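Here's the structure we're looking at; comments come further down.
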Amino acid sequence: MTWAPHVTVATIVERDNRFLMVYEEADGKKVYNQPAGHLDPNETLQAAAIRETLEETGWTVKLTGVVGVNLYTAPSNGITYFRTTFIAEAVSHDAERALDTGIIEAVWLTYEELLARKAELRSPMTLQIIEEYRAGRRFPLSVVG
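Each residue of the sequence shown is one higher than the one before, starting from 0 at the first, in numbering that gives the first Met the number 0.
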């Protein structure tokens, strides 16, 4: 039996003490998550993070660093995700851009608002990585090849 994790990326974008999040439908529930998605064939991790953020939020971003690389096995399906989470700055917004299927809206939430919605987060990793970011965990983009 062959096992392989799903390679994904996510992006933390903070502006005015608010985090760019997506409110989406996943596994039949409405949940909050960072802009995130799967790596496409022949794509770099950095390009995937920029693309996914644009597709899910309408925001063009500039990557500035990395918070971390994490493994998460989803209890709902048993799939293991290998996720690299980038830090980015918001550059511009296209309010007319259609968002990916399943995305209800992009929202800016404070840390306190995220805590109040803890039961609505897509996975424990959503809040964990924001807390690592808030604690100052930062790595240069060069750590990712």
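Each residue gets a CB set at the ideal place from its N, CA and C atoms; glycine is no exception.
Just so we're clear, the structure is a prediction, and the values are computed from it rather than from any experiment.
Hey, out of the options, whose CA is closest to residue i's CA?
i, options, result
"L18", "E112, E54 and Q45", "Per the sequence presented here, residue 18 reads as Phe, with Leu not at that position. Of the candidates E112, E54 and Q45, the one whose C-alpha sits nearest the C-alpha of F18 is E112."
"Q45", "V12, W2, G57 and V8", "V8"
"G27", "Y132, E131, E13 and G101", "G101"
"E130", "Y110, S141 and E24", "Y110"
"P74", "A97, T1, M124 and S141", "M124"
Suppose the cutoff is 7 Å on Cβ atoms and the five residues either side in sequence are ignored; what does the same chain contact list for residue i look like?
i, result
"V90", "T59, V60 and K61"
In the DSSP output, what is residue i paired with across the bridge?
i, result
"L70", "F81"
"R14", "R17"
"W2", "W2 is not bridged to any residue."
"V8", "G36 and T83"
"S91", "T59"
"A97", "Beta-bridge pairing links A97 to no other residue."
"I102", "E23"
Enumerate in chain order the residues of its own chain whose CB-to-CB distance from residue i is below 8 Å, with the five nearest sequence positions on each side excluded.
i, result
"I128", "A9, I11, Q33, V66, G67, N69 and T84"
Who are the near neighbours of residue i in its chain, counting only those whose CB is closer than 6 Å to its CB and skipping five residues on each side?
i, result
"M20", "Y31, V106 and L108"
Taking only runs that begin and end inside the segment 109–142, name each unbroken alpha helix (DSSP H) of 4 or more residues, in chain order. Taking only runs of at least 4 residues, the alpha helix (DSSP H) segments lying wholly in the segment 109–142 are 110–115 and 123–133.
If you scan the segment 18–68 from start to end, which runs of the beta strand (DSSP E) of 3 or more residues do you find wholly inside it? 28–32 and 35–37
Is the segment 47–55 in contact with the segment 115–125, if contact means three or more CB pairs nearer than 8 Å? Between the segment 47–55 and the segment 115–125, the count of C-beta pairs closer than 8 Å stays below three; the two stretches do not touch.
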